Amino acid sequence: MLKSVLHWISAACLLTLSVLTAAAWAGPTPARSPASVVFLNPGYTDEPFWVGYTEFMQAAAADLGMQLTVINGERDHRLLLQRARELLDKGPLPDYLLFVNEMYTAPELLRMYANSPVKLFSLHSTLTPEQQQIVGRSREQYRNWIGSLIPNDEQAGYWMAKGLIARLEGEPGSLLAFAGLRNTPSSSLREEGLRRALAEHPQVRLQSLVYGEWKRQRAYEQAQLLLPRHPETQLIWSANDEMAFGVMQAALELGRQPNKDIFLSALNNSEEVLQARIDNQLWVLVGGHFTLGGWAMVMLHDYHAGLDFAERGGKDRVDKLFTPLDASQAARLQKRLRVKGYGLDFRQFSAVYHPEIRDYGFSVAPLLQ
3 MLKSVLHWIS
13 AACLLTLSVL
23 TAAAWAGPTP
33 ARSPASVVFL
43 NPGYTDEPFW
53 VGYTEFMQAA
63 AADLGMQLTV
73 INGERDHRLL
83 LQRARELLDK
93 GPLPDYLLFV
103 NEMYTAPELL
113 RMYANSPVKL
123 FSLHSTLTPE
133 QQQIVGRSRE
143 QYRNWIGSLI
153 PNDEQAGYWM
163 AKGLIARLEG
173 EPGSLLAFAG
183 LRNTPSSSLR
193 EEGLRRALAE
203 HPQVRLQSLV
213 YGEWKRQRAY
223 EQAQLLLPRH
233 PETQLIWSAN
243 DEMAFGVMQA
253 ALELGRQPNK
263 DIFLSALNNS
273 EEVLQARIDN
283 QLWVLVGGHF
293 TLGGWAMVML
303 HDYHAGLDFA
313 ERGGKDRVDK
323 LFTPLDASQA
333 ARLQKRLRVK
343 GYGLDFRQFS
353 AVYHPEIRDY
363 GFSVAPLLQ
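Quick note, the sequence shown lines up with residues 3 to 371 if you use our numbering.
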C-alpha cells in the first residue's frame, strides 16, 4: 500500500513538473481572453493623419492578439458623442474605450461611461488642467478612467518655432502662424510652444496668427490674404502638414520659393510631408506622434494581462514621441512606413513578453533605424 501511494505521489510530481516546464517554454500566460478595444477617432474617415494613426494601432493589435474597432467622429463632436452613446446603449461593450479630448468632450464621455464596466483611456490629448480641477485625475472620481498617453505638443510647437528662428541667424524678422482649432488641446499647446519661443526672441515679430482648422484649403485661402499683406514675412509656422501645404501653394502662386525666400515648418508623418522634407521644401519638420495609439495598445494589452502600466512609467504618460526630422531621418521613416506591419513586432515592447521592462519609454526611434 505504501509503495503504491509513493508511486502515485511521484507520478503526480512528474506531471506537475512537466506542465510547469511546458508553460515556461510556451512563454507568458495569455490574458483570460483577447482584449477588445474601441477607439473613438475624432477625425474624418479619410483624414490622412488619422488613417495612418489607426493603421499603426491595427498593426499593434494584430501582433498582440487584440480586437480593435474604430468609430469615426468625422470632426463633429456631437456626432462622436452620439456614437459613443449608441455603443453604450446597444453594445457589445468593449473592455476598453480610447478617447481623445477633441473639442473638450472628455468630461461628457467620462460621465456617460461612469457606471459601465468599460475601462477608459485618454489618448493623444487628455483633460486640461482646468477640466481636471472639476472632474479629478484618472483613477480618482472616475475609477474606470485608468490612464492616459499624450505627446508633448508644447515642445513640438517650440521646436518648430526655434528651428525657423534659427534661420534668421540672430537678425530681426517676422512670422506668420497657422494654428489648428481653438478648442483642441493639442492645437493650444503647440501655440503655447510657439509663443514661448517668440518670448525668447523678441527681435522676431508675430505678424498674425490664424486658425486654419487643420485644413489645407482654409490655410491656402488665409495665406492668399496674409502673404500680400505682409510681404516682408520670411517665416511660416504651421501646426500641421496640411496647413503648411496650403500656405506653400499660396506662396508659390505669389512667386515665393520655399527654403529660398520663405521658410516653412510642418508637423506630421504623411508620405507627402516626408517627401517635402527630403526635397528641401520645408525648413523644419517635427513628427512621431502618429505612433501614440499603437503604444497605447501595448499598455492596455499588458494591463489586461494583469500588469498595470502605472508601475512602468506612471498611469498618465507624456512621452517623447515628437522629434525633429532632418532629410535623412525623413527618408528612413518614409521607407519604414511602406513596410507591412512597419517592420515591428509589438510584442518586443510589451512587459508580458519582456518582464524586464521597467519603463516603457515609447518613442519613434524604432522606426528610424
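Backbone N, C-alpha and C fix where the C-beta goes; we use that ideal spot for every residue, glycine too. Nothing here was measured: the structure is a model prediction, and the numbers come from that model.
Worksheet item: So what's Q350 in DSSP terms, helix, strand or just coil?
Response: helix
Worksheet item: What do you get for A25, buried or exposed, if any count of 16 or more other CB atoms within 10 angstroms of its CB means buried?
Response: Confidence at A25 is low in this model, with a pLDDT of 35, below 50, so the placement of that residue should be treated as unreliable; the coordinate-derived value is given next. Its Cβ having fewer than 16 others within 10 Å, A25 is exposed.
Worksheet item: Which whole runs of the beta strand (DSSP E) in the segment 90-140 are 3 residues long or more, in chain order?
Response: 98-101, 121-125
Worksheet item: Taking the runs of the alpha helix (DSSP H) that are 4 residues or longer, which of them lie wholly in the segment 165-230?
Response: 187-202
Practice prompt. Output yes or no for whether 8 Å exceeds the beta carbon distance between L217 and M250.
Written response: Correcting the residue identity first, residue 217 is Lys in this sequence and not Leu. No. Outside cutoff.
Item to complete: Quick one: which unbroken alpha helix (DSSP H) runs of 4-plus residues sit fully inside the segment 43-96? Chain order, please.
Response: 50-66, 79-92
Fill in: Sequence-distant residues of its chain with Cβ nearer than 7 Å to S87 (five each side left out)
In the sequence on display, residue 87 carries Arg and not Ser. Same-chain partners within the cutoff: M114.
Fill in: Coarse secondary structure for V341, derived from DSSP in three states
coil
Worksheet item: Roughly how far, in whole angstroms, is the beta-carbon of E104 from the beta-carbon of H79, given that I think they are within contact range, below 8 Å?
Response: 6 Å
Practice prompt. Can you grab the Cα-Cα spacing for the pair Y98 / Y144, in whole Å?
Written response: 14 Å
Worksheet entry | Any 3 or more C-beta pairs closer than 8 Å across the segment 325-342 and the segment 251-260 | no
Worksheet item: In the DSSP assignment, what residue or residues form a beta bridge with I264?
Response: P260
Worksheet item: Does the beta-carbon of L22 have 16 or more other beta-carbons within 10 angstroms, so that it is buried, or is it exposed?
Response: Annotation note: pLDDT 37 at L22 (below 50); position unreliable, coordinate value reported separately. With fewer than 16 Cβ atoms within 10 Å of its Cβ, L22 is classed as exposed.
Worksheet item: Just curious, the alpha helix (DSSP H) that D243 is in, first and last residue?
Response: 243-255
Worksheet item: Of the choices L196, A268, Q236, whose alpha-carbon is the least far from that of E171?
Response: Q236
Item to complete: Taking only the alpha-carbon atoms, compute the straight-line gap between I359 and L100 and give it to the nearest angstrom.
Response: 24 Å
Worksheet item: DSSP state of R334, grouped into three classes?
Response: helix
Practice prompt. Give the single residue among G296, H306, F311 whose Cα lies nearest to the Cα of G54.
Written response: G296
Worksheet item: Rounded C-beta distance between D318 and S140? I'm assuming under 8 Å.
Response: 6 Å
Worksheet entry | Cα-Cα separation, A353 to L266 | 40 Å
Worksheet item: First and last residue of the alpha helix (DSSP H) that includes L302?
Response: 294-306
Worksheet entry | Bounding residues of the alpha helix (DSSP H) (the contiguous stretch that carries V275) | 273-280
Worksheet entry | S215, buried or exposed, once every other Cβ within 10 Å from all chains shown has been counted against 16 | Sequence inspection shows Glu at residue 215; the Ser mentioned does not correspond to that position. Buried, since its Cβ has 16 or more Cβ neighbours within 10 Å.
Discussion item. DSSP three-state label for L370, please.
Written reply: coil
Worksheet item: Are the CB atoms of L125 and G159 nearer to each other than 8 Å?
Response: no
Fill in: DSSP beta-bridge partners of I359
BP columns for I359 are empty, so no partner.
Worksheet item: Is DSSP giving A149 helix, strand or coil here?
Response: It is Gly, not Ala, that sits at residue 149 in the sequence shown. Three-state DSSP puts G149 in a strand.
Discussion item. With a threshold of 6 Å on Cβ separation, who are the neighbours of F364 within its own chain once the five nearest residues in sequence on each side are excluded?
Written reply: W297, D321
Worksheet item: Can you check whether the CB of L229 is closer than 8 Å to the CB of A199?
Response: no
Worksheet item: Can you tell me the Cα-Cα spacing of V212 and L302, whole angstroms?
Response: 38 Å
Fill in: In DSSP terms, what T325 is bridged to
G289
Item to complete: Measure the Cβ-Cβ separation of E273 and Q371 and say whether it is below 8 Å.
Response: no
Practice prompt. Taking the CB atoms as reference points, tell me whether L309 and G289 lie closer together than 8 Å.
Written response: no
Worksheet item: What residues match up with S2 in a beta bridge as DSSP calls it?
Response: Any answer about residue 2 is impossible in this case: the structure gives the chain only from 3 up to 371.
Worksheet item: Helix, strand or coil: how does DSSP classify F364 here?
Response: coil
Worksheet item: What residue from L70, R77, M68 has the CA that sits closest to Y46's CA?
Response: R77
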